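>
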Amino acid sequence: MALKPLANSVSLGSANNCYLATAVYVVTSNNSVTVTVANTDVDTGNGQHGSYAGGSVIVKLPANSGTVIRKRPYDTLTGAGCYGTKVAEGDI
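Counting in the working numbering, the sequence shown runs from 9 upward without gaps.
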């Protein structure tokens with residue numbers, strides 16, 4: 009699958025929505041990392057934004073790896089020692 013960068017990479021050391029991205033390519037460095045995806049969008053009550061149990065989910069990534077995390081625009085990613093890049097996926 010092809011990835012097209014749509015913005016500069018940002019540090020995920022503190023909560024970041026990565027320019028309101030819905031797909032973020034997350035890369036780690038020399039250590040395994042726990043990335044928290046937090047639901048910060050307002051729940052409208054009609055299921056439009058949904059919600060996570062407890063307000064967040066955790067994704068564990070091995071050292072020196074990269075993966076695409078799909079999220080809602082206002083959801084934030086946090087993970088010490090990793091970076092996120094807003095991307096488009098598919099045949100670009």
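Positions of the beta carbon are idealized from the N, C-alpha and C atoms, including for glycine. All of these numbers come straight from a predicted model, not from anything done at the bench.
Would you mind sorting L28 into buried or exposed? The rule is 16 or more other CB atoms within 10 Å of its CB.
Counting Cβ neighbours within 10 Å, L28 comes out exposed, since fewer than 16 surround it.
> Is T42 buried or exposed, if buried means 16 or more other CB atoms sit within 10 Å of its CB?
By the neighbour-count rule (16 or more Cβ atoms within 10 Å), T42 is not buried but exposed.
> Could you give the first and the last residue of the continuous beta strand (DSSP E) run that contains P13?
Looking at the DSSP string, the run of the beta strand (DSSP E) that includes P13 is L11 to P13.
> If you drop the 5 nearest sequence neighbours on each side, which residues of the same chain put their C-beta closer than 6 angstroms to that of G63?
Cβ neighbours of G63 beyond the five flanking positions: N47.
> Nearest by alpha-carbon distance to A88: which of K12, N24 and K94 is it?
Measuring from the Cα of A88, the nearest candidate turns out to be N24.
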